[in-house]
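Participant: Numbering (this note's numbering), first residue to last: 47 to 349. Here a beta-carbon is modelled for each residue, glycine too, at the ideal position from N, C-alpha and C. Here the structure is a predicted model, which is why all the values come from computation and not from measurement.
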Ligand code: GLU
């Protein structure tokens with residue numbers, strides 16, 4: 047980049063030399079780089095357990111180390127699975143562990159119009175599907191039964207046609223990834239038979255609306271990433287960066303989850319538990335650090 051002399055001013059360096067410094071270049075360079083904006087998007091189906099704490103810690107640390115913003119979105123789109131009071135307890139818990147978010151918390155239950163507008167925008171790629179759960183069995187792969195019409199069935203869910211092509215992206219932790227949705231998933235649901243919006247649509251619309259540049263989350267969601275990238279393309283939304291962190295497993299090798307009643311982390315905050323989360327993420331936490339603010343100061347400023 048070339049900067050004309052007209053845009054320069056002189057400054058005194060510490061060595062006593064007078065240097066020419068281009069006015070405003072630093073600000074321009076900063077503005078040219080999109081601001082990092084990360085997020086944590088818990089479903090309020092239970093209290094925060096160690097696995098979800100690790101995901102929150104990873105995304106908060108990544109955002110703050112980049113000097114970026116960190117937003118929280120409560121993914122309460124699946125109302126039947128929402129546990130009353132869980133969203134508030136998750137938020138208090140994040141604060142107790144020193145993770146303070148920027149701006150207002152977004153709630154998916156208040157975003158119905160945005161999801162409906164996105165469905166509209168997807169036009170003819172969306173079609174009604176009349177298949178029942180028992181017809182489809184437990185398979186996640188959809189064979190395209192209603193792709194060419196419902197025959198004499200009643201419409202139940204809404205699905206999106208997927209292309210038979212490989213989607214490519216790079217995960218900052220796992221490296222290059224690819225998936226052909228026509229081979230792995232088939233046409234997937236955007237609006238469920240019970241009338242609720244599907245996670246895949248809601249998450250893409252909201253990450254777009256919140257201007258999220260970087261998604262850091264648990265590796266179980268790697269399997270959703272191709273579907274989300276496909277929807278971003280169709281909705282003309284920028285593709286965020288992805289980093290999937292390893293899952294915390296119990297001693298049976300199963301993923302800790304709210305559904306399997308994983309034990310909640312101490313809600314009042316614990317420096318020991320926070321240190322364990324950092325260690326799980328591969329950080330060598332100095333044992334002398336004993337408080338939550340000091341742990342964060344170290345994690346954000348360490349070289
Ligand atoms: N709401 C999802 C969950 O709690 C996370 C969604 C995401 O990070 O994309 O598993």
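What residue range does the alpha helix (DSSP H) around residue 343 cover?
Facilitator: Position 297 of the chain shown, counted from the start, is the residue given in the question as residue 343. From DSSP, the alpha helix (DSSP H) with residue 343 extends over 338-347.
Participant: Around ligand 1, what residues have a beta-carbon under 6 Å from a heavy atom of it, in chain order?
Facilitator: 87, 88, 89, 121, 249, 263, 267
Participant: Please report whether the beta-carbon of residue 137 lies at a distance below 8 Å from any beta-carbon of chain C.
Facilitator: Note that chain C does not occur in the displayed structure, where there is just one protein chain.
Participant: From this set, 345, 132, 161, which residue's C-alpha is nearest residue 241's C-alpha?
Facilitator: If you number the chain shown from 1, residue 241 lands on position 195. Per the Cα distances, 161.
Participant: To which residues of the same chain is residue 204 closer than 8 Å at the C-beta, ignoring the five residues directly before and after it?
Facilitator: Along the chain shown, read from residue 1 onward, the residue named residue 204 stands at position 158. Excluding sequence neighbours, residue 204 sits near 165, 172, 173, 174, 175, 235, 236, 237.
Participant: Based on Cα-Cα distance, which residue from 117, 132, 158 lies nearest to residue 89?
Facilitator: For the purposes of this step, residue 89 is taken as residue 43 along the chain shown, with counting starting at 1. Among 117, 132, 158, the Cα nearest to that of residue 89 is on 132.
Participant: Assuming residue 167 and residue 281 are in contact, meaning their beta carbons sit under 8 Å apart, how far apart are those beta carbons, in whole angstroms?
Facilitator: Position 121 of the chain shown, counted from the start, is the residue given in the question as residue 167. Position 235 of the chain shown, counted from the start, is the residue given in the question as residue 281. Contact holds; Cβ gap of about 6 Å.
Participant: When burial is assigned at 16 or more other CB atoms within 10 Å of the CB, is residue 156 buried or exposed?
Facilitator: As a working note, residue 156 is residue 110 in the chain shown. It is exposed - the Cβ of residue 156 has fewer than 16 other Cβ atoms within 10 Å.
Participant: Please list the terminal residues of the continuous beta strand (DSSP E) segment that includes residue 172.
Facilitator: Residue mapping note: residue 172 aligns to position 126 of the chain shown, counting from 1. For residue 172, the enclosing beta strand (DSSP E) begins and ends at 172-175.
Participant: Look at the alpha carbon of residue 288 and the alpha carbon of residue 198, and state the distance between them as a whole number of angstroms.
Facilitator: For the purposes of this step, residue 288 is identified with residue 242 of the chain shown, where counting begins at 1. For the purposes of this step, residue 198 is identified with residue 152 of the chain shown, where counting begins at 1. Using only the alpha carbons, I get a separation of about 42 Å.
Participant: For residue 122 and residue 325, I'd like the C-alpha separation in whole angstroms.
Facilitator: For the purposes of this step, residue 122 is taken as residue 76 along the chain shown, with counting starting at 1. For the purposes of this step, residue 325 is taken as residue 279 along the chain shown, with counting starting at 1. Approximately 30 Å between the Cα atoms of the pair.
Participant: Threshold first: 4 residues or longer. Then list the alpha helix (DSSP H) segments lying entirely within the segment 123-190, N to C.
Facilitator: The qualifying runs are 132-142, 158-167, 179-182.
Participant: Could you tell me the boundaries of the beta strand (DSSP E) in which residue 234 lies?
Facilitator: Here residue 234 refers to the residue found at position 188 of the chain shown. Its beta strand (DSSP E) spans residues 234-237.
Participant: Please list, in chain order, all residues of the same chain as residue 321 whose beta carbon is under 6 Å from its beta carbon, the five residues on each side excluded.
Facilitator: Counting from one through the chain shown, the residue named residue 321 turns up at place 275. So the qualifying residues of the chain are 331.
Participant: Would a C-beta distance cut-off of 8 Å place residue 92 and residue 129 closer than the cut-off?
Facilitator: Sequence index remark: in the chain shown, residue 92 carries index 46 (1-based). Sequence index remark: in the chain shown, residue 129 carries index 83 (1-based). A contact, by the Cβ cut-off of 8 Å.
Participant: Just reading off the beta strand (DSSP E) that residue 213 is part of, what are its end residues?
Facilitator: The residue given as residue 213 occupies position 167 in the chain shown. Per DSSP, residue 213 belongs to the beta strand (DSSP E) from 212-217.
Participant: Are the CB atoms of residue 317 and residue 337 nearer to each other than 8 Å?
Facilitator: Counting from one through the chain shown, the residue named residue 317 turns up at place 271. Counting from one through the chain shown, the residue named residue 337 turns up at place 291. Cβ distance < 8 Å, so residue 317 and residue 337 count as in contact.
Participant: Leaving out the 5 sequence neighbours to the left and right, which residues in its chain are closer than 6 Å to residue 259 when beta-carbon positions are compared?
Facilitator: Residue numbering aside, residue 259 sits at position 213 when the chain shown is read from its first letter. Taken in chain order, the residues that qualify are 80, 82, 83, 286.
Participant: At which residues does the beta strand (DSSP E) containing residue 110 begin and terminate?
Facilitator: Here residue 110 is taken as the residue at index 64 of the chain shown, counted from 1. Here residue 110 belongs to no beta strand (DSSP E); instead the alpha helix (DSSP H) covers 96-111.
Participant: How is residue 198 classed by DSSP in three states: helix, strand or coil?
Facilitator: Mapped onto the chain shown, residue 198 falls at position 152. Of the three classes helix, strand and coil, the one that applies to residue 198 here is coil, per DSSP.
Participant: Quick one: Cα of residue 47 to Cα of residue 115, how far?
Facilitator: Within the chain shown, numbered from 1, the residue matching residue 47 stands at position 1. Within the chain shown, numbered from 1, the residue matching residue 115 stands at position 69. Because the pLDDT of residue 47 is 30, which lies under 50, any placement of that residue in the model is unreliable, and the question is left without a value.
Participant: Terminal residues of the continuous beta strand (DSSP E) containing residue 223?
Facilitator: By 1-based counting over the chain shown, the position of residue 223 is 177. Residues 221-226.
Participant: DSSP state of residue 350, grouped into three classes?
Facilitator: It is not possible to answer for residue 350, since the shown part of the chain is limited to 47 through 349.
Participant: What is the DSSP secondary structure of residue 121, counted as helix, strand or coil?
Facilitator: As a working mapping, residue 121 is identified with position 75 in the chain shown. Residue 121: coil per DSSP, three-state reduction.
Participant: Is DSSP giving residue 318 helix, strand or coil here?
Facilitator: Translated into positions along the chain shown, residue 318 becomes position 272. Looking at residue 318 - three-state DSSP - the assignment turns out to be helix.
Participant: List the residues that DSSP assigns as beta-bridge partners of residue 205.
Facilitator: Working through the chain shown from its first residue, we reach residue 205 at position 159. Paired residue(s): 173, 235.
Participant: Check residue 115 in the structure and name its three-state DSSP category.
Facilitator: If you number the chain shown from 1, residue 115 lands on position 69. Residue 115 falls in the strand class under three-state DSSP.
Participant: Roughly how far, in whole angstroms, is the beta-carbon of residue 275 from the beta-carbon of residue 215, given that I think they are within contact range, below 8 Å?
Facilitator: Taking the chain shown and counting its residues from 1, the one referred to as residue 275 is at position 229. Taking the chain shown and counting its residues from 1, the one referred to as residue 215 is at position 169. About 6 Å; that satisfies the 8 Å criterion.
Participant: List the endpoints of the continuous alpha helix (DSSP H) containing residue 273.
Facilitator: Counting from 1 along the chain shown, the entry for residue 273 is found at position 227. Where residue 273 is concerned, the enclosing alpha helix (DSSP H) stretches over 268-280.
Participant: Are the CB atoms of residue 291 and residue 192 nearer to each other than 8 Å?
Facilitator: As a working mapping, residue 291 is identified with position 245 in the chain shown. As a working mapping, residue 192 is identified with position 146 in the chain shown. No, the pair does not count as a contact, with Cβ atoms beyond the cut-off.
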